[in-house]
Amino acid sequence: MKPIQVGLLGIGTVGSGTFNVLQRNQEEIQRRAGRGIVITMVADLDVARARGIVGPDVKVVDDARAVIANPDIDIVIELIGGYGIAKALVLEAIAAGKHVVTANKALLAVHGTEIFAAAHAKGVMVAFEAAVAGGIPIIKALREGLTANRIQWVAGIINGTTNFILSEMRDKGLDFDVVLKDAQRLGYAEADPTFDIGGMDAAHKATLMSAIAFGIPVQFDKAYVEGITQLSGTDIRYAEQLGYRIKLLGITKRTPQGVELRVHPSLVPTKRLIANVEGAMNAVLVQGDAVGSTLYYGKGAGSEPTASAVIADLVDITRLHTADPQNRVPHLAFQPDAMSDLPVLPMSQVVTSYYLRLRVADQAGVLAKVTGLLAQAGISIDAVLQREADQVGGEGATSTDLIILTHDTREGDMDAVLGQMQALPTVLAPIVRIRKEELS
Ligand code: HSE
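Heads up: the sequence shown begins at 0 in numbering that gives the first Met the number 0, then just goes up one per residue.
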């Protein structure tokens, strides 16, 4: 049978990895797919560099639309990124009847509803394994492997840059700004790391997982997003003393009232496997009612790890493209006419537990006042720590750190108590609040 012909839009790190792995493993991939899969056309603005990667047998152009217009191309891989031209090209490829493979989480998290509807109407597939957690087949796991389960929650370390920074802060006892500069020098963080450190990249990925886990439309605009820029080494050390590590988690959880969708730094018990995921690695923990907890670990970025996911999508499409569109795996795991309208909850309705750090005047009665406010609001305390020897405070000091871990409470209630605590004259600095997830 004639090989499936693939057109590649953008041949940077992931594109060249995809080309190389397809070539290197072509025989194995063909045996799996039942048909050869070949990249026959590449569009990239830097034509000379692209030619250097793919050699003389692949047509290289500088116009992505020439790839989409080529009637011989069956699948278009979009690796341009962003919402601008990438969105137009994906929609044009769909309109031209091409299947699409993309690693573009931002595009799908924001415009997924429109893109999946267009693909559905045209009877083509849009596959995006590479968009979430790079080489980890988490989309496949959520959409197919766990299809028997009512998923209860998903919690993931889904941004390698921030996990690398947090690991370094903990290992070396350094503050965020210092580690970020090192990470940029070593190539672990982009020159403009805003999307990573601000939590946006993780939120795009959490949004996609939320849709697949619960059968809701992609709703990035409803996600709560908090990055790691405000985290201090002090809190990482206090957390450690209390038996926790701080990780940037993407969390989505089903509750009777709606779906939680949030990205923020979280204390995770050190004894959990996921708390021990270090450096630039990714991991996703999924809780299903039948299977219990399952954990997926691996490289969330990089040339060949991400190529591994892109090619898995190429093989899937090759196997399925002759199937009647109604009998394919739905884009978002649930049939398009069976999506749920469960709302994404505002952060004030999210229920979680908290780490609080208060810089307080070292005077009699301060602890009683602070804990009294929590008691009045019905918020139960799990643990209290008043500065360790190497931290602020000590005999003769005028101020000290008070660390409180709470049990679960509604974020709106916690916000109200934090307002009252902050107004106490004995609370000397802005209170630090970090959410805590037991993940049990
Ligand atoms: N920049 C991402 C990360 C990889 O640091 O994990 C691509 O989403």
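Built from N, CA and C at the ideal position, the CB exists for glycine as well.
Asked: By DSSP's criteria, Glu77 is part of a beta bridge. Which residues make up the other side?; Found: Leu8 and Thr101
Asked: If you draw a straight line from the alpha carbon of Ile138 to that of Leu266, how long is it in whole angstroms?; Found: 26 Å
Asked: May I ask which residues mark the beginning and end of the alpha helix (DSSP H) holding Thr233?; Found: Gly232 to Gln240
Asked: Would you list the residues sitting across from Lys58 in a DSSP beta bridge?; Found: Met40
Asked: For the pair the region 13–27 and the region 37–45, tell me if three or more CB-CB distances fall below 8 Å.; Found: yes
Asked: Is it true that the region 104–119 meets the region 239–255, where meeting means three or more beta-carbon pairs spaced less than 8 Å apart?; Found: no
Asked: Taking 8 Å as the threshold (C-beta atoms), are Val224 and Ala188 in contact?; Found: no
Asked: Got a sec: does the ligand HSE put a non-hydrogen atom nearer than 7 Å to the Cβ of Ala300?; Found: yes
Asked: Write down the C-beta distance between Ala459 and Ile93 rounded to the nearest angstrom, noting that I regard them as a contact closer than 8 Å.; Found: As displayed, the chain neither begins before 0 nor continues past 439, which places residue 459 out of reach and without an answer.
Asked: Over what stretch of residues does the beta strand (DSSP E) that includes Ala306 continue unbroken?; Found: Per DSSP, Ala306 belongs to no beta strand (DSSP E); it is in the alpha helix (DSSP H), Ser302 to Leu319.
Asked: Give the straight-line distance between the Cα atoms of Ile316 and His98, rounded to the nearest whole angstrom.; Found: 8 Å
Asked: Kindly indicate which three-state DSSP category Ala276 falls into: helix, strand or coil?; Found: The amino acid occupying residue 276 in the given sequence is Val; Ala does not appear at that position. Coil at Val276, not helix or strand.
Asked: Locate the alpha helix (DSSP H) running through Ser209, then write down its first and last residues.; Found: Met199 to Phe213
Asked: Does the distance from the C-beta atom of Ala238 to that of Tyr353 stay below 8 Å?; Found: no
Asked: Using a Cβ-based criterion (distance less than 7 Å to any ligand heavy atom), does Thr254 qualify as near the ligand HSE?; Found: no
Asked: Among the residues of its own chain, which have a CB less than 6 Å from the CB of Glu277, if the five just before and after it don't count?; Found: Ser166
Asked: Helix or strand or just coil, what does DSSP make of Ser352?; Found: strand
Asked: Should Thr160 be listed as close to the ligand HSE, given that the test is whether its C-beta is under 7 Å from any heavy atom?; Found: yes
Asked: Please state the DSSP three-state secondary structure of Asp400.; Found: strand
Asked: Rank Ile135, Gly418 and Ala363 by C-alpha distance to the C-alpha of Met280 and give the top, closest one.; Found: Ile135
Asked: Give the straight-line distance between the Cα atoms of Ile156 and Gly249, rounded to the nearest whole angstrom.; Found: 7 Å
Asked: Quick one: does the C-beta of Asp200 sit closer than 7 Å to a heavy atom of the ligand HSE?; Found: yes
Asked: Met168 and Gly232 - do their beta-carbons sit closer together than 8 Å?; Found: yes
Asked: Excluding sequence positions up to five away, which residues of its chain have a Cβ less than 8 Å from the Cβ of Leu141?; Found: Ile150, Val153, Met208, Ile211, Ala212, Val285 and Ala332
Asked: Three or more C-beta pairs under 8 Å: does that hold for the region 404–418 against the region 349–368?; Found: yes
Asked: Go through its chain and collect everything with a Cβ distance to Arg318's Cβ below 8 Å, but skip five positions before and after it.; Found: Ala32 and Gly33
Asked: Using CA atoms only, rank isn't needed, just tell me which of His330, Asn326, Gln325 and Tyr295 is closest to Asp312.; Found: His330
Asked: If we count the other Cβ atoms within 10 Å of its Cβ and call it buried at 16 or more, is Thr17 buried or exposed?; Found: buried
Asked: What's the C-alpha gap between Pro55 and Ala205?; Found: 40 Å
Asked: Which residues in the same chain as Phe163 place their Cβ atom closer than 7 Å to its Cβ, once the five residues preceding and following it in sequence are excluded?; Found: Ala182, Tyr187, Gly278 and Ala279
Asked: Taking the alpha carbon of Val391 as the point to measure from, which residue in Glu410, Gly371, Asp361 and Leu44 has its own alpha carbon closest?; Found: Asp361
Asked: Looking at C-alpha atoms only, which residue of Val369, Glu410, Glu436 and Pro304 is the closest neighbour of Gln421?; Found: Val369
Asked: When DSSP labels each residue in this structure, what does Val217 get in the three-state scheme?; Found: coil
Asked: For Ala415 and Thr161, I'd like the C-alpha separation in whole angstroms.; Found: 30 Å
Asked: Classify Thr193: buried if its beta carbon has 16 or more other beta carbons within 10 angstroms, exposed otherwise.; Found: exposed
Asked: Could you pull the DSSP bridge partners for Asn281 from this structure?; Found: Gly297
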